[in-house]
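Asks: Here you go, one structure.
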Amino acid sequence: MTVLSRNSFVIPYQYSVYFTHGVFSPGNPLLAEVLEQLSPALNPLPVMVVLDAGVQAAWPDLQQNLRAWFAQQGEHLQLRGPILVIPGGEPCKDGFAVPQQILTEAWERRLCRQSHIWAIGGGAFLDAVGLGAALFHRGVPLLRFPTTVLSQNDSGVGVKNGCNYAGGKNLAGVFAPPLAVINDSAFLTTLSDRDWRSGIAEAFKVAIIKDQAFLHWLCQHAHQLRQRDLALMEELVQRCAILHLQHIQNSGDPFESGSSRPLDFGHWSAHRLESMSGFSLKHGEAVSIGLALDLQYAVEIGLLSAAECRCCLAGLRACGLPTDHELLRARDENGQLLILSGLAEFREHLGGKLHLTLPDHLGQKIEVHEYDVQVVEKIVTAMDNHNDIGETGCGK
């Protein structure tokens, strides 16, 4: 006898993203208010704090400030063990070393499933620590404190956690929403110029396909953004993060069960470029180059005007972001462009047939299921001759 039991259930997720300056400063009540709203099940609440070593180097007093902040909270919070400092950057996502370290430390500190892990660092660091938190006891609450432009406006406010494996970008990972995200703009003030600029690419990405007014704002303020105007960067981070959050909330597919990935516009080549460069290219730099390639492809197939493309490329360049790289023209022993293997990898990552998002005029998007390699050849050859659409076709 065959017995069939069909099961269907929905799990509601809710988390907030906060924008502040100086979250651990004595006069800033935000974090205490957030914890009160979350109503922790434990009193005192055990917390393991994990800190990006790069942030520690930039903010040598941060550990002392953190301990002082915990002391001010009285008996309600318990900093469980010393603050754990782990090197960040893309290397921390290479394999499972960091997630394993989180599991080991959480176990040795006797965290339970209602304890908190607080992660303070950049995007790659948050990805790796988040994977460890999601695996421990099948998931413990994670509070994220993103410290870079890219993590504050994109990766750090989303629902993904993971690491790179076997040469594959984000090959291993889970969907696990954070308990809350606190974007502290003070952390942005100590970023290197490259890290400051890198995150701007993700703002261009989402603006090009979702918000033409935001795109024009980015181009209008590109020079000031490049010159590190903090007030403008705070506005960029907030507008970009909200666009990402609206997509997660309203797309109908927050955990990407389907094959459509509109927020991966420009990423099929970006991920491949990162790997090919040995991750010497920062993620945002690779995304900027990937956007430039896809924008020019959209012009070639009639989705975008040359003038629209010029607007985007000029804006990226004005922000100090790259729109070309010699690796776009690297070839294998058979003369094939190495970058094109990114299409196959992207298709495997999505599952099923190829789904790529391209702009259908500015502020709108369309899904395409084919990508003509001959058109790519034409584009990268023109770019090598310093004759890409952004510098010639747009100017004619």
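FYI, the numbering used here numbers position 299 of the sequence shown as 358, with every residue one higher than the one before it.
Glycine included, every Cβ here is placed at the ideal spot set by N, Cα and C.
As the structure is a prediction and not an experimental result, all values here were calculated from the model.
Going along the chain, which residues of its own chain have a beta-carbon closer than 8 Å to the beta-carbon of Ser251, five neighbours each way excluded?
Replies: Counting only Cβ-Cβ distances below 8 Å, and skipping sequence neighbours, we find nothing.
Asks: Give the DSSP-derived three-state secondary structure of Met60 in the structure shown.
Replies: Three-state DSSP puts Met60 in coil, outside helix and strand.
Asks: Taking the beta strand (DSSP E) that Phe204 belongs to, which residues open and close that run?
Replies: Note, Phe204: beta strand (DSSP E), Leu201 to Pro205.
Asks: How far does the beta strand (DSSP E) with Gly374 in it reach, from first residue to last?
Replies: Unbroken run through Gly374 is the alpha helix (DSSP H), Ala365 to Ala377; no beta strand (DSSP E).
Asks: Nearest to Pro418 by CA position, among Leu402, Ile267 and Leu372, is which residue?
Replies: Of the candidates Leu402, Ile267 and Leu372, the one whose C-alpha sits nearest the C-alpha of Pro418 is Ile267.
Asks: Are the beta-carbon atoms belonging to Pro158 and Leu110 less than 8 Å from one another?
Replies: No. Outside cutoff.
Asks: Residues in its own chain within less than 7 Å of Phe68 by CB, not counting five upstream and five downstream?
Replies: Hits under 7 Å: none found.
Asks: Tell me the DSSP secondary structure of Ile70 in three-state form.
Replies: It is coil, neither helix nor strand.
Asks: Given this structure, state the Cα-to-Cα distance separating Lys219 from Ile145, to the nearest angstrom.
Replies: Whole-angstrom Cα-Cα distance: 20 Å.
Asks: If I measure Cβ to Cβ from Pro236 and keep anything under 7 Å in the same chain, skipping five residues before and after, which residues do I get?
Replies: Answer for Pro236: Tyr72, Tyr74 and Val218, listed in chain order.
Asks: Would you grab the beta carbon distance between Gly226 and Ser334 for me? Rounded to a whole angstrom, and I think it's under 8 Å.
Replies: That belief holds up - the Cβ atoms of Gly226 and Ser334 are roughly 6 Å apart, short of 8 Å.
Asks: For Thr416 and Glu436, I'd like the C-alpha separation in whole angstroms.
Replies: So the two alpha carbons sit approximately 20 Å from each other.
Asks: Decide yes or no for the touch test of the stretch 87-96 against the stretch 177-196: beta carbon pairs closer than 8 Å, at least 3 of them.
Replies: Touching, no.
Asks: Would you kindly work out how many angstroms separate the C-alpha atoms of Cys453 and Ser98, rounded to a whole number?
Replies: The predicted model places Cys453 with a pLDDT of 35, which falls under 50 and marks its position as unreliable, so this point remains unresolved.
Asks: Just to confirm the assignment: which complete beta strand (DSSP E) runs, minimum length 3, are found wholly within the stretch 170-253?
Replies: 175-180, 201-205, 219-224, 227-234 and 239-243, all fully within the stretch 170-253.
Asks: For His135 and Phe273, what's the separation of their Cα atoms in angstroms?
Replies: Cα to Cα, the separation comes out at about 42 Å.
Asks: Which of helix, strand or coil does DSSP assign to Ile145?
Replies: Strand at Ile145.
Asks: Under a three-way DSSP split, which group does Lys152 fall into?
Replies: Correct three-state label for Lys152: helix.
Asks: Tell me, to the nearest whole angstrom, how far the beta carbon of Leu247 is from that of Val208; I am working on the premise that it is less than 8 Å.
Replies: Going by Cβ atoms, the distance from Leu247 to Val208 rounds to 6 Å, so yes, they are a contact pair.
Asks: Who does Leu396 pair with in a DSSP beta bridge?
Replies: In the DSSP output, where bridge partners are listed per residue, Leu396 has Arg390.
Asks: Go ahead and label Asp447 buried or exposed: buried means 16 or more other beta carbons lie within 10 angstroms of its beta carbon, across all protein chains shown.
Replies: Residue confidence for Asp447 is low, a pLDDT of 49 falling below 50, so the modelled location carries little weight; the figure read from the coordinates is stated next. Buried, because 16 or more other Cβ atoms sit within 10 Å of the Cβ of Asp447.
Asks: So, helix, strand or coil for Glu404, using DSSP?
Replies: Helix.
Asks: Give me the Cα-Cα distance between Tyr77 and Leu399, rounded to the nearest whole angstrom.
Replies: If you take the alpha carbons of Tyr77 and Leu399, they lie about 39 Å apart.
Asks: On the three-state DSSP scale, how would you describe Val82?
Replies: The answer is coil: DSSP assigns Val82 none of H, G, I, E or B.
Asks: Quick one: what does DSSP say Lys467 is sitting in, helix, strand or coil?
Replies: Residue coverage of the chain in this structure runs from 60 to 455, which leaves residue 467 outside it and unanswerable.
Asks: I'd like to confirm the pairing. Which residues does DSSP put opposite Gln137 in its beta bridges?
Replies: In the DSSP output, where bridge partners are listed per residue, Gln137 has Pro105.
Asks: Have a look at Pro103 and Leu380 and give me their C-alpha separation to the nearest angstrom.
Replies: Straight-line Cα distance between these residues: approximately 47 Å.
Asks: State the Cα-Cα distance for the pair Met107 and Ile259, rounded to the nearest angstrom.
Replies: Answer to the nearest angstrom: the Cα atoms are 31 Å apart.
Asks: State the beta-bridge partners of Ser334 as determined by DSSP.
Replies: None; Ser334 has no bridge partner.
Asks: Rounded to the nearest angstrom, how far is the Cβ of Gly181 from that of Gly148, given a contact under 8 Å?
Replies: At roughly 7 Å, the Cβ-Cβ gap stays under 8 Å, so Gly181 and Gly148 are in contact.
Asks: Exposed or buried, what is Cys171 when buried is set at 16 or more other beta-carbons lying within 10 Å of its beta-carbon?
Replies: Answer is exposed; the Cβ neighbour count stays below 16.
Asks: Would Val240 pass as a contact of Pro200 if the rule is Cβ separation under 8 Å?
Replies: Result no, Cβ atoms of Val240 and Pro200 do not sit closer than 8 Å.
Asks: What does DSSP give as the partner residue(s) for Lys424 in the beta ladder?
Replies: For Lys424, which the question treats as bridged, DSSP gives the partners Pro418.
Asks: Suppose the cutoff is 6 Å on Cβ atoms and the five residues either side in sequence are ignored; what does the same chain contact list for Phe314 look like?
Replies: So the qualifying residues of the chain are Phe234.
Asks: Please classify Tyr356: does DSSP put it in a helix, a strand, or coil?
Replies: Correct three-state label for Tyr356: helix.
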